[in-house]
Amino acid sequence: MGAGISSFSAVEGESSRPGLGDIPEGCVASVLVHLSPTDICRLARLSQSFRGAASADFVWESKLPKNYRYLVEKLFGEIPADFSKKDIYARLCRPIPFDGSTKVVWMEKSSGGICMSISAKALSITGIDDRRYWKYIPTEESRFHTVAYLQQTWWFQVEGKVEFCFPAGTYSLYFRIQLGRTSKRFGRRVCDTEHVHGWDKKPVHFQLSTSDDQHAPSSQCYLEKPGDWIHYHVGDFVVEHSAALTKLKFSMTQIDCTHTKGGLSVDSVLIYPSEFREKGKG
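Numbering of the sequence shown is given in our numbering, commencing with residue 8 and proceeding in unit increments.
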């Protein structure tokens, strides 16, 4: 009998020990604020107190860009009053079209960095209205479902402008282009390179400048690898103040009129934090 009482006392003592559920939500939230969004969501499954702490506004506000209020106003117009900071974070992580769906912005989950994609339809392309030279073609290989396709031209010039409040940091800008025209045939991807010519004779020039007098070093390269979408690096720019409107001008040209060139698909322009480029090198 004594053994039974002793056993009962031991069980009772064990059950009275504090567990994870006894930690105050405020203390849990103070720890979660230092973790990644992925870890926060994972720990939220541990207990009710962890789940409550993982929904705290100040936890998720620390994961949002410093200028998230501008982003909300620019991209959503108005957020429902009952939206939490976690809800705003989740919305920003999904691609958000704006400017007539010619641009898309999203937040990269792991770092909170802001990325942007600009459709070919938002660019100024010399001769785009003359179907003898250019035309828009539908494709599943673009997030905008359309690319600008060059059949042939003497004067190749693609320019663009964008105004946006990027969070402070260093960003890289790229043109996403491909030699050839891709399509599906019997369920398989095929690339028509019939019109590809002239790109091996002279290099294409890339330029980037900002409204605060930043000028990326002018770069040039020969276009290559027909059938592959390639991100051609135009340059980098630095944003020092998240509240400042950054105005960008960029271009891609090959205006040597001694020969024609053609067979080029222009999909979009990409802007994203330069740290992604450095990670890609590794």
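Think of the CB as a built atom: it goes at the ideal place given N, C-alpha and C, for glycine as much as any other residue.
Residues in its own chain within less than 7 Å of residue i by CB, not counting five upstream and five downstream?
i    : result
G205 : H266, T267, K268 and G269
Y279 : G120, C122, Y178 and S179
Give me, in chain order, the residues of the same chain whose beta-carbon lies closer than 6 Å to that of residue i; leave out the 5 immediate sequence neighbours on both sides.
i   : result
F57 : V35, L50 and A51
R7  : In the structure as shown, the chain starts at 8 and stops at 289, and residue 7 therefore has no counterpart that could be examined.
Spatial neighbours of residue i within its chain, please: CB distance less than 8 Å, with the 5 preceding and 5 following residues excluded, ordered by chain position.
i    : result
S13  : At S13 the pLDDT is 45, less than 50, meaning the model places this residue with poor confidence and gives no usable figure here.
T153 : S126, A127, K128, Y143, I144, P145 and T146
R101 : W113
Q158 : R139, Y140, W141, K142, H202, G269 and G270
K73  : P174, A175 and S249
Just to check my reading of the structure: residue i and residue j have Cβ atoms closer than 8 Å, yes? What is that Cβ distance to the nearest angstrom?
i    : j    : result
Y181 : H240 : 6 Å
T189 : E148 : 6 Å
W67  : K93  : 4 Å
I103 : L82  : 5 Å
V246 : P174 : 7 Å
V111 : R150 : 6 Å
S124 : L277 : 6 Å
C172 : A88  : Contact flag wrong, Cβ pair sits at about 23 Å.
When the Cα of residue i is compared with those of the options, which residue comes out closest?
i    : options                   : result
W162 : I262, G59 and S43         : I262
L186 : I278, D235 and A61        : D235
V40  : L71, S179, S54 and D136   : L71
K254 : A175, D199, R192 and K168 : K168
V203 : Y96, S272 and V111        : S272
F90  : A63, V111 and F105        : A63
P44  : S54, S69 and G59          : S69
Y96  : A61, C228, Q221 and D136  : A61
S226 : T260, T217 and D219       : T260
S281 : I47, G84, I135 and E115   : E115
T217 : D137, D106, E170 and L42  : E170
Checking 9 Å against the spacing of the C-beta atoms, do residue i and residue j come in under that value?
i    : j    : result
T109 : T133 : no
G242 : F213 : yes
R196 : S275 : no
C198 : P233 : yes
S37  : Q164 : no
S244 : A223 : According to the sequence provided, residue 244 is Phe. The question's Ser does not apply to it. For F244 and A223, yes; Cβs fall inside 9 Å.
Looking at the C-beta of residue i, does it have a partner C-beta in chain C at a distance below 9 Å?
i    : result
W113 : The structure shown has no chain C; it contains just one protein chain.
Is it the case that the CB of residue i approaches a heavy atom of the ligand COA more closely than 8 Å?
i    : result
L180 : As presented, the structure is devoid of all ligands, the ligand COA included, so that no description of it is given.
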